[in-house]
Amino acid sequence: MIHAGEDPRFIARRIAICAAEDVGLADPMALVLANAAVQVSEFIGWPEARIPLAEAAIYIATAYKSNSAIMAIDSALSDVRSGKTIPVPDILKDSHYSGAEKLGHGNDYLYAHNFPGHFVPQDYLGADRTYYVPNELGTEKKIKERSQPWRDALKKIRKKCENE
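Take the sequence shown: its letters are residues 2 to 165, numbered as in our numbering.
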């Protein structure tokens with residue numbers, strides 16, 4: 002592409018897209034590096050721009066891959082497009098106006114930062130739906146390990162609510 006005279010912005014754009022689309026959350030630094038390559042290549046121009054673009058391309062080519070973020074956002078958008086919208090739970094609705102308490106807005110909201118680990122098992126979605134499903138590679142494996150106890154706690158709460 003470089004030898005053929007391709008615009009460096011096109012090359013940088015493709016690298017950034019690949020970082021977000023193909024590497025994703027398996028290695029979030031890929032997008033940071035791609036963005037840096039975009040900025041540096043714009044700043045320094047040819048012929049030196051080939052170096053940060055090559056660095057980003059190599060990093061992204063050798064990084065773990067995941068499309069879980071794309072799958073999550075596409076699944077959520079599909080629900081919205083098909084009319085499967087979920088109302089905002091009352092606990093998340095604005096409670097900073099007169100009469101909000103009577104409507105149940107903000108009632109029983111638990112501020113996560115006041116709890117150990119800054120997590121509280123409270124259902125903010127209001128439906129048994131999962132959009133983001135992390136894979137087992139790279140950083141995403143750590144995200145999965147960290148979030149699994151949260152998901153388990155939410156399942157318990159939903160089951161408890163179903164049984165009441």
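Yeah, the Cβ is synthetic: ideal placement off N, Cα and C, and Gly gets one too.
Between the CA atoms of residue j and residue i - distance to the nearest angstrom
i      : j      : result
Ala37  : Arg51  : 13 Å
Ala57  : Ala31  : 7 Å
Asp28  : Lys145 : 13 Å
Trp104 : Leu26  : Strictly speaking, residue 104 in this sequence is Leu, with Trp absent from that position. Straight-line Cα distance between these residues: approximately 39 Å.
Ala101 : Pro135 : 37 Å
Gly6   : Ile12  : 11 Å
Ile45  : Ile59  : 20 Å
Ile92  : Leu126 : 10 Å
Tyr112 : Val39  : 39 Å
Trp1   : Lys142 : The displayed coordinates of the chain run from 2 to 165. Any statement about residue 1 would go beyond what the structure contains.
Glu43  : Val81  : 37 Å
Gly118 : Ala35  : 32 Å
Val24  : Ser67  : 5 Å
Assigned secondary structure, residue i (DSSP; H/G/I helix, E/B strand, else coil)
i      : result
Lys66  : coil
Arg152 : helix
Pro117 : helix
Val33  : helix
Thr140 : helix
Asn108 : coil
Gly25  : helix
Glu49  : coil
Ser83  : coil
Residue of the options minimising C-alpha distance to residue i
i      : options                        : result
Asp153 : Ser96, Val134 and Pro122       : Pro122
Lys161 : Glu22, Lys94 and Asp124        : Asp124
Ala70  : Val39, Val41 and Ala20         : Ala20
Val89  : Ser79, Ile74, Tyr98 and His106 : His106
Pro9   : Leu54, Ser79 and Asp23         : Leu54
His4   : Glu43, Pro48, Ile18 and Ser42  : Pro48
Ile18  : Ile61, Glu43 and Gln40         : Ile61
Report yes or no: do three or more beta-carbon pairs, one from the segment 77-91 and one from the segment 118-133, lie closer than 8 Å?
yes
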